[in-house]
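To convert, note that position 41 of the sequence shown is 83 in my numbering; the numbers rise steadily by one, no gaps. What follows is a single structure, written as structure tokens, with notes after it.
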Amino acid sequence: MPSTPASAAMSSTAFSTTAFSTTASSTTALACELVRRASITPDDAGCQALIAERLTALGFDCVWMPRNAVTNLWARRGNTAPLVCFAGHTDVVPPGPLENWRSDPFTPALVDGQLCGRGIADMKGGIAAFITALERFIAAHPDVPGSLAVLLTSDEEGDAVDGTAHVVEQLARRGEAPDYCIIGEPSSHAVLGDTLKNGRRGSLSGALTVHGIQGHIAYPQLADNPIHALTPALAELIATRWDEGNADFPPTSFQCSNIHAGTGATNMIPGALTLNFNFRHSTESTAESLKERVAHLLKKHDLKYTLTWQPASKPFLTVRGALLDAANAALTDVLGAPAQTSCEGGTSDGRFLADICPQLIELGLTNASIHQANECVPIKDLDRLSAVYERLLERLFGLVDKPQ
Numbered sequence: 043m044p045s046t047p048a049s050a051a052m053s054s055t056a057f058s059t060t061a062f063s064t065t066a067s068s069t070t071a072l073a074c075e076l077v078r079r080a081s082i083t084p085d086d087a088g089c090q091a092l093i094a095e096r097l098t099a100l101g102f103d104c105v106w107m108p109r110n111a112v113t114n115l116w117a118r119r120g121n122t123a124p125l126v127c128f129a130g131h132t133d134v135v136p137p138g139p140l141e142n143w144r145s146d147p148f149t150p151a152l153v154d155g156q157l158c159g160r161g162i163a164d165m166k167g168g169i170a171a172f173i174t175a176l177e178r179f180i181a182a183h184p185d186v187p188g189s190l191a192v193l194l195t196s197d198e199e200g201d202a203v204d205g206t207a208h209v210v211e212q213l214a215r216r217g218e219a220p221d222y223c224i225i226g227e228p229s230s231h232a233v234l235g236d237t238l239k240n241g242r243r244g245s246l247s248g249a250l251t252v253h254g255i256q257g258h259i260a261y262p263q264l265a266d267n268p269i270h271a272l273t274p275a276l277a278e279l280i281a282t283r284w285d286e287g288n289a290d291f292p293p294t295s296f297q298c299s300n301i302h303a304g305t306g307a308t309n310m311i312p313g314a315l316t317l318n319f320n321f322r323h324s325t326e327s328t329a330e331s332l333k334e335r336v337a338h339l340l341k342k343h344d345l346k347y348t349l350t351w352q353p354a355s356k357p358f359l360t361v362r363g364a365l366l367d368a369a370n371a372a373l374t375d376v377l378g379a380p381a382q383t384s385c386e387g388g389t390s391d392g393r394f395l396a397d398i399c400p401q402l403i404e405l406g407l408t409n410a411s412i413h414q415a416n417e418c419v420p421i422k423d424l425d426r427l428s429a430v431y432e433r434l435l436e437r438l439f440g441l442v443d444k445p446q
């Protein structure tokens, strides 16, 4: 891309393919190759084909499960329990205005120890880390007592309809279900490994249209103003304490995201108002209970309305067990300390996998720059995360050397 004042002032080094073999680790090299593929959702741009080639060389059986414009890969090695699955997405969000980037978002660049590029944190760096961890793990333990799997989609950053949700349906029909799942989402905050997600809140979005009667603003008696009609109900929606949360989840949150009425004319009472809103809810509330309470409140205020709901995302929670114990032991082994568990943040594909997998976590790179211009992670964290994943596998399969 052309130089801008910001990019000209920033000293950066772009990786070249020839440099990988001599200056970059295998994890960094793979991460950069993935970043180079401009896989803006739902386009996979060849990322999964690159990974499938490496997995096939490790003895994985790769099954493609495409749907519409979405690319989905299910790769499995072995047929015995337990089945340990790494999951992730190869699609990324658009880079936004290029002038906000210090360098081309799809050309990996090293800046002050940070590897920059769209998707490096969310989540191509995590994918590279678990692929190279699998390569080392299988080389050291070719007869692992169990099975390994990788699930990849190109629909996580998009509608999330034709991706992991579709694969989960197919796996259920095939009678396949992971015992443990590690999602490589960027879960860390300040430093690598300080936080892992053992659950996520549910999400429920609605679009409310309040119907009124359009008219001249000077003759309100001849109209019915939907803005005025909604205001008391909206105030109650905002003030309502939907639940108290629990030890794992904060209280359910109601938030308005958009409100619109009128044509732009200042002398007209609008005929309708549209409000978009969202619940991020704990396990103390269900989508059904929230819908019922909203309907009751709107009826109480005698509104004339139409309300449509989007498909809900269920909350999920993994309580302490073999996976959490193995993850924190691996983090302690490699990084010196366990992680804090958290259920904060938006939704992820864990909501679909939780339907077939009893234990799943999200464990990955730092998330401070995700979806931003100049998305980056400390380059050293790529190899460290790969080492954590490898150790986690050893812990789960009981292959850690016992002390003498």
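Quick reminder that beta carbons are idealized off the backbone N, C-alpha and C, glycines included. Just so you know, these numbers come straight off a predicted model, no measurement behind them.
- Under the assumption that S247 contacts P293 (Cβ atoms under 8 Å), give the Cβ distance between them as a whole number of angstroms. Not really, about 18 Å apart at Cβ, beyond 8 Å.
- Message: Going by beta-carbon coordinates alone, are T83 and D146 separated by less than 8 Å?
- Response: no
Open item on the list: Please state whether the Cβ-Cβ distance between P187 and F358 is less than 8 Å.
Closed with: no
Return the residue from the list R118, D85, V112 that minimises the CA-CA distance to A99.
-> R118
Self-check item: Supposed close pair I301, L317 - CB separation, criterion 8 Å
Solution: 5 Å
| said: Does W284 pass the burial test, meaning 16 or more other C-beta atoms within 10 Å, or should it be called exposed? | reply: buried
Within the same chain, show all residues whose beta-carbon is closer than 6 Å to that of A175, passing over the 5 residues directly before and after it, in chain order. S428, Y431, E432
_One question on the structure: do V419 and G167 come within less than 8 Å of each other, judged by their Cβ atoms?_
yes
In the DSSP assignment, find the unbroken alpha helix (DSSP H) run with K333 in it and report its ends. 329-342
Q. If we ignore side chains and look at the alpha-carbon of each, how far apart do A364 and H338 end up?
A. 43 Å
Three or more C-beta pairs under 8 Å: does that hold for the stretch 406-416 against the stretch 376-383? no
Contact set for S63: own chain, Cβ-Cβ below 7 Å, skip 5 residues either direction: In this prediction, S63 scores a pLDDT of 40, lower than 50, which makes its location untrustworthy; no coordinate-derived value is stated.
**Prompt:** DSSP state of N318, grouped into three classes?
**Reply:** strand
Neighbourhood of Q90 by C-beta distance below 6 Å, restricted to the same chain and skipping five residues each side = T113, L115, T132, L194
If you follow the beta strand (DSSP E) that I224 is part of, which residue opens it and which one closes it?
222-225
Count the other C-beta atoms from every protein chain shown that fall within 10 angstroms of the C-beta of G388, then say buried if there are 16 or more, exposed otherwise.
exposed
For the putative contact between S398 and N240, defined by C-beta atoms under 8 Å, what is the C-beta separation to the nearest angstrom? The sequence as given places Ile at residue 398; Ser does not occur at that position. About 17 Å; that fails the 8 Å criterion.
Which same chain residues end up closer than 7 Å to A207 when comparing Cβ atoms and leaving out the 5 residues on each side of it in sequence?
F394
- Query: How close, in whole Å, do the beta carbons of A171 and T69 come, if the pair is a contact with beta carbons under 8 Å?
  - Reply: 6 Å
Which of the three DSSP states, helix, strand or coil, is assigned to G241? strand
What separation, rounded to the nearest whole angstrom, lies between the Cα atoms of P44 and E177? Note that P44 scores a pLDDT of 34, beneath 50, so its modelled location is shaky; the value from the coordinates is reported in the next line. Cα to Cα, the separation comes out at about 38 Å.
Worksheet entry | Same chain, Cβ closer than 8 Å to D443, five either side skipped, listed in chain order | none
Straight-line CA distance for R216 to L373?
-> 34 Å
- Note down, in chain order, each residue of its chain lying with its Cβ closer than 8 Å to the Cβ of P262, except the 5 sequence neighbours on either side. I311
Is it true that the CB of L76 sits closer than 8 Å to the CB of I421?
no
Q. What are the boundary residues of the alpha helix (DSSP H) that includes V210?
A. 206-216
- Task: Would you tell me roughly how many angstroms separate the C-alpha atoms of V126 and P139, rounded to the nearest one?
- Result: 39 Å
field: Within 8 Å, strictly: CB atoms of F319 and S295
entry: no
Exercise. Evaluate V361 with the Cβ neighbour count: other Cβ atoms within 10 Å of its Cβ, from every protein chain shown; 16 or more gives buried, anything less gives exposed.
Key: exposed
### Query
If you compare alpha carbons, which of L435, W143, V210, A277 is closest to H343?
A277
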